[in-house]
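J.:
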């Protein structure tokens with residue numbers, strides 16, 4: 046069912062920065078069909094990097110920064126944040142702002158990417174138009190005040206060039222990785238150059254596109270198709286395909302039922318590998334205060350009666366954030 050876009054969206058006013066970036070990266074993705082830019086080595090790196098950089102979004106932006114479902118040393122947090130920035134899904138504060146807004150208004154018209162507008166809108170259309178509320182100073186201060194107290198995240202908002210350095214720096218990094226590896230083993234300059242550009246195409250461009258669509262599918266597919274363990278009062282669904290591609294995020298109805306938990310695995314077969322990676326970090330001493338699902342915290346079965354939940358759980362000391370954000 047199609048509904049009007051949120052009233053804060055300026056009709057027919059494109060967000061040219063986002064629109065051009067999204068279109069340009071997809072056009073560059075077509076170069077993947079050029080045989081010169083393909084190699085099985087680069088394709089293998091592509092597959093591995095989807096997971097590594099995608100966890101910057103899943104574990105970093107989502108479960109750590111947005112929902113504070115575990116704690117970790119600052120340097121670990123920074124690593125996850127930089128991986129997410131390299132996935133070109135905006136700054137940490139802006140991503141967190143949008144996602145916290147989504148939980149407050151899930152699937153309602155104020156939801157920045159409500160699927161009740163259209164599938165296309167919830168998947169990527171919402172990024173193409175100017176939303177007066179999504180990235181306003183007032184919204185950033187309301188929804189991401191805890192992040193903006195950190196000079197690292199504040200500088201990313203006040204100095205956009207810093208984000209650009211991380212994003213652009215991927216190109217020479219992946220080129221040199223491919224060039225160096227090839228030249229080390231073959232000492233043939235043309236082959237080294239070929240692998241270098243192949244690594245850029247698959248390790249950067251194709252990987253960014255893949256991570257984009259996996260993330261966007263949580264907003265679209267996992268709010269329209271699948272099953273629900275809980276009546277959460279909105280349209281979130283558990284979608285096995287999205288869960289497989291996103292390493293757990295597709296168990297989205299479970300997440301909306303218990304957003305503060307580090308795990309979305311509520312049945313034994315709803316595998317959430319991201320949670321086990323967080324637990325692995327805990328075993329290494331790099332994560333602490335990991336919040337398990339509520340049905341494990343309270344010793345209840347997955348079939349329990351639904352309880353009221355907080356869409357955002359922030360650490361102690363953040364109580365000055367508006368109560369309507371937390372309720």
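In the working numbering, the protein residues as written are 46 to 372.
Cβ coordinates follow ideal geometry from the N, Cα and C atoms, glycine included.
(1) Considering only C-alpha positions, which residue in the set 114, 110, 297 and 133 is nearest to residue 122?
(2) Report back the beta-carbon spacing between residue 185 and residue 142 to the nearest angstrom; my notes put them in contact at under 8 Å.
(3) In angstroms with no decimal places, state the Cα-to-Cα distance between residue 106 and residue 238.
(4) In terms of DSSP beta bridges, what is residue 59 paired with?
(5) Starting from the C-beta of residue 177, find all residues in its chain whose C-beta is less than 6 Å away, skip the five residues before and the five after it, and write them out in chain order.
(6) Compute the minimum distance between the beta carbon of residue 230 and the heavy atoms of the ligand GTP, and state whether it is under 8 Å.
(7) What is the DSSP secondary structure of residue 272, reduced to helix, strand or coil?
(8) Buried or exposed for residue 303, please, with buried defined as at least 16 other CB atoms from any protein chain shown within 10 angstroms of its CB.
(9) Which whole runs of the alpha helix (DSSP H) in the segment 221–277 are 4 residues long or more, in chain order?
(10) What's the C-alpha gap between residue 59 and residue 112?
(11) Give a yes or no on whether the C-beta atoms belonging to residue 274 and residue 158 are separated by under 9 Å.
(12) Specify the secondary structure class of residue 283 as computed by DSSP and reduced to three states.
(13) Using a Cβ-Cβ cutoff of less than 8 Å, which residues in the same chain neighbour residue 208 once the five nearest sequence positions on both sides are dropped?
(14) Apart from the five residues just before and just after residue 155, which ones in its own chain have a Cβ nearer than 6 Å to its Cβ?
(15) Counting Cβ pairs, one atom from each stretch, are 3 or more of them under 8 Å apart for the segment 90–108 and the segment 238–253?
(16) List the endpoints of the continuous alpha helix (DSSP H) containing residue 199.
(17) Hey, could you find the ends of the alpha helix (DSSP H) residue 305 is sitting in?
(18) Looking at residue 88 and residue 247, is the spacing between their C-beta atoms short of 9 Å?
T.: Taking the coordinates as given:
(1) Numbered from its first residue, the chain shown carries residue 122 at position 77. Selected option, being the one with the closest Cα: 110.
(2) Position 140 of the chain shown holds residue 185. Position 97 of the chain shown holds residue 142. Correct: roughly 6 Å between the Cβ atoms.
(3) Here residue 106 corresponds to residue number 61 of the chain shown, with the count starting at 1. Here residue 238 corresponds to residue number 193 of the chain shown, with the count starting at 1. Their backbone Cα atoms lie some 34 Å apart in a straight line.
(4) For the purposes of this step, residue 59 is taken as residue 14 along the chain shown, with counting starting at 1. 174.
(5) Counting from 1 along the chain shown, the entry for residue 177 is found at position 132. Within the same chain, residue 177 has close Cβ partners 53.
(6) No copy of the ligand GTP occurs in the structure displayed, which carries no ligand at all.
(7) Numbered from its first residue, the chain shown carries residue 272 at position 227. Residue state, collapsed to three classes: strand.
(8) Here the question's residue 303 lines up with position 258 in the chain shown. Counting Cβ neighbours within 10 Å, residue 303 comes out buried, since at least 16 surround it.
(9) Fully enclosed alpha helix (DSSP H) runs of 4 or longer: 234–245 and 252–264.
(10) Along the chain shown, read from residue 1 onward, the residue named residue 59 stands at position 14. Along the chain shown, read from residue 1 onward, the residue named residue 112 stands at position 67. If you take the alpha carbons of residue 59 and residue 112, they lie about 30 Å apart.
(11) Against the chain shown, residue 274 aligns to sequence position 229. Against the chain shown, residue 158 aligns to sequence position 113. No.
(12) Taking the first residue of the chain shown as position 1, residue 283 is located at position 238. Correct three-state label for residue 283: strand.
(13) Residue 208 sits at position 163 when you count from the first residue of the chain shown. So the qualifying residues of the chain are 130, 136 and 201.
(14) Counting from one through the chain shown, the residue named residue 155 turns up at place 110. These residues qualify, in order along the chain: 51.
(15) yes
(16) The count along the chain shown starts at 1 and reaches residue 199 at position 154. Residues 196–203.
(17) Here residue 305 refers to the residue found at position 260 when the chain shown is read from its first residue. Careful: residue 305 lies outside any alpha helix (DSSP H) and carries neither H nor E.
(18) Here residue 247 corresponds to residue number 202 of the chain shown, with the count starting at 1. Here residue 88 corresponds to residue number 43 of the chain shown, with the count starting at 1. Yes, the Cβ-Cβ distance between residue 247 and residue 88 is below 9 Å.
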